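Residue numbers (mature numbering (1 follows the signal peptide of the UniProt record, and there is no 0)): -32 to -1, 1 to 184.
So the structure is just underneath, and the comments pick up after that.
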């Protein structure tokens, strides 16, 4: 079951209860349908929807490969066994520019934890992608996908032609979640990553109280 909910209704205060909120209702994915019908409408403005896919419904792992802005080869095999955050963007996209610092902050926080970030530039040449990374301090690589090969690889599952779009792939390389539009609330993406890593506390869980020091 694919579960969709408007980001505007999922506040930061929801925090650890995000999964429970998303499971409250189901809907179809008209953007994915539009992409697959081949209507040629091009890029779609993101509407802020946050979607999670139940583990049983994620299908097969999605393999991909490409070349990053520095000319280095990149493939899904490089991230085997990791949670991977894929961000589809291009330099002329204002929401992409706005979310870049938040994505880089999360990338830094998750370094060495089993979660990695990878950009997918859907329009620009490599030089433009490099300039963007330098301007906004982005340290993770981006695949230059001007031929649309990587976008096509994900077309059967989601509609990444809506830019920006951020996907969270689970440790098996399957799409576990999607944020359609700007990541304006990094806490939501943080929660989605933790869910895929299995490090999200159960709703209602509390930390154990610190022991009281013995009287001297």
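The beta carbon of each residue, even a glycine, is placed where N, CA and C say it ideally should be.
Just so you know, these numbers come straight off a predicted model, no measurement behind them.
In this chain, the beta strand (DSSP E) harbouring residue 135 covers 133 to 137.
Minimum Cα-Cα distance from residue 100 among the listed residues 82, 66, 74 corresponds to 66.
No Cβ-Cβ contact shorter than 8 Å links residue 131 with residue 47. Counting C-beta atoms within 10 angstroms of its own C-beta, residue 119 has 16 or more neighbours from the protein chains shown and is therefore classed as buried. Ranked by Cα distance from residue 148, the options 24, 64, 25 are led by 64. About 17 Å separates the beta carbons of residue 136 and residue 110, which is beyond the 8 Å limit, so they are not a contact pair.
Contact check for residue 86 and residue 108: beta-carbon distance about 6 Å, within the 8 Å limit, so the pair qualifies. Here residue 146 is bridged, per DSSP, to 19, 135. Here residue 41 carries a strand assignment [DSSP, helix/strand/coil].
Looking at the DSSP output, residue 51 shares a beta bridge with 83.
Rounded to whole angstroms, the gap between the alpha carbons of residue 117 and residue 97 is 17 Å.
Residue 72 sits in a helix when the DSSP states are folded into three classes. With 16 or more other Cβ atoms from the protein chains shown falling within 10 Å of its own Cβ, residue 44 counts as buried. Here residue 111 carries a strand assignment [DSSP, helix/strand/coil].
When the beta-carbon positions are compared, residue 83 and residue 51 come within less than 8 Å of each other. DSSP, reduced to helix, strand and coil, places residue 92 outside both helices and strands of the structure shown, so it counts as coil. Nearest C-alpha to residue 37 among 150, 73, 88, 21: 88.
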